[in-house]
Amino acid sequence: MSSLNQALSVALDNRESLLAELHLQGTDCYRLFHGSQEGASGLTIDRYGPQLLVQSFHTGLERDALLELHAQVNARLGLETLLVYNDRSQGNSRVDRQDAIYKADEAALADHVGHEWGLNYRVRGRHAGQDPLLFLDLRNTRGWVRQHSAGKSVLNLFAYTCGVGLSAAAGGASEVCNLDFAEGNLAVGRENGALNPQLPTMQFIQSDYFPAIRQLAGLPVAARRS
């Protein structure tokens with residue numbers, strides 16, 4: 001077993017009880033390996049529902065090493081995950097879309113659904129942006145918002161794909177408004193809302209922060225609200 005596979009094995013051992021807890025919570029989106037702290041700087045391995053997203057930020061992986069990591073994770077989880085590899089080691093952390101090392105299957109790149117705290121989220125291994133559609137390090141924050149939003153009016157600033165807003169809606173917020181500059185981000189937020197039809201409808205504002213705040217204060221600005 002290579003040193004990288006050994007490091008992954010230790011990481012999975014350390015997460016065994018955590019993963020069991022997450023599964024009971026209705027969560028199948030989580031980090032399995034954080035290389036900067038676990039022995040392979042710049043390498044991350046994340047599960048997003050049926051997808052396994054491997055990303056390298058410092059040095060690209062060899063194809064055989066990548067496939068060995070995939071097989072190791074599948075064996076440990078007892079699943080056949082769909083592999084997506086993003087080599088982001090070339091500069092500015094941008095995804096190398098030439099896929100010289102590994103080209104994902106069409107099934108892996110299709111739209112899927114992942115789950116966190118029992119909510120449904122859109123999952124795409126590749127999209128127009130660079131980062132995953134759900135930031136995993138905010139999981140507990142989203143859980144906290146859900147626990148503390150009942151009856152409250154929630155303004156989700158810099159909303160990205162609106163996970164915090166979705167959590168607030170699930171927690172019984174009286175009103176949820178998501179604000180982001182990028183319409184593409186809000187489009188995914190709308191998808192996330194549609195994937196959870198049991199929740200009340202959220203609002204979306206495509207705008208920079210300052211004009212949106214002026215609008216919400218009742219001052220005239222040119223901003224779109226839907």
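Residues 1 to 226 in UniProt numbering are what the sequence shown lists, from first letter to last.
Positions of the beta carbon are idealized from the N, C-alpha and C atoms, including for glycine.
Starting from residue i, follow the alpha helix (DSSP H) in both directions and report where the run begins and ends.
{"i": "Val188", "result": "Glu183 to Ala194"}
{"i": "Ile205", "result": "Taken as a continuous stretch (DSSP letters only), Ile205 belongs to no alpha helix (DSSP H), being part of the beta strand (DSSP E) at Gln203 to Gln206."}
{"i": "Glu68", "result": "Arg63 to Leu77"}
{"i": "Tyr209", "result": "Tyr209 to Leu216"}
Return the bridge partner residues of residue i from the DSSP annotation.
{"i": "Val95", "result": "DSSP output for Val95 lists no bridge partner at all."}
{"i": "Gly114", "result": "Tyr121"}
{"i": "Asn86", "result": "Gln55"}
{"i": "Leu155", "result": "Cys177"}
Between which residues of its own chain and residue i is the CB-CB distance below 8 Å, once the five residues before and five after are set aside?
{"i": "Asp208", "result": "Phe181"}
Quick one: residues in its chain with C-beta nearer than 6 Å to the C-beta of residue i, no 5 flanking neighbours on either side, listed in chain order?
{"i": "Gly39", "result": "Ala7"}
{"i": "Leu157", "result": "Leu179"}
{"i": "Glu183", "result": "Gln206"}
Could you tell me if residue i is buried or exposed, where buried requires 16 or more neighbouring beta carbons within 10 angstroms of its beta carbon?
{"i": "residue 263", "result": "A question about residue 263 goes unanswered here, because the residues of the chain that appear run from 1 up to 226."}
{"i": "Asp122", "result": "Sequence inspection shows Arg at residue 122; the Asp mentioned does not correspond to that position. Buried."}
{"i": "Asp64", "result": "exposed"}
{"i": "His148", "result": "exposed"}
On the DSSP letters alone, give me the boundaries of the beta strand (DSSP E) that residue i sits inside.
{"i": "Gly151", "result": "Where Gly151 is concerned, there is no enclosing beta strand (DSSP E), given that its DSSP letter is neither H nor E."}
{"i": "Leu179", "result": "Glu175 to Asp180"}
Residues in its own chain within less than 7 Å of residue i by CB, not counting five upstream and five downstream?
{"i": "Gly35", "result": "Ser41, Gly42, Leu43 and Thr44"}
{"i": "Ala108", "result": "Gln51, Leu82, Leu83, Val84 and Gly125"}
Using a beta-carbon distance below 8 Å, is residue i in contact with chain C?
{"i": "Gln203", "result": "The structure shown has no chain C; it contains just one protein chain."}
Please give the ranges of any alpha helix (DSSP H) in the stretch 23-47, keeping only runs that are unbroken, at least 4 residues long and fully inside the region. 35-38
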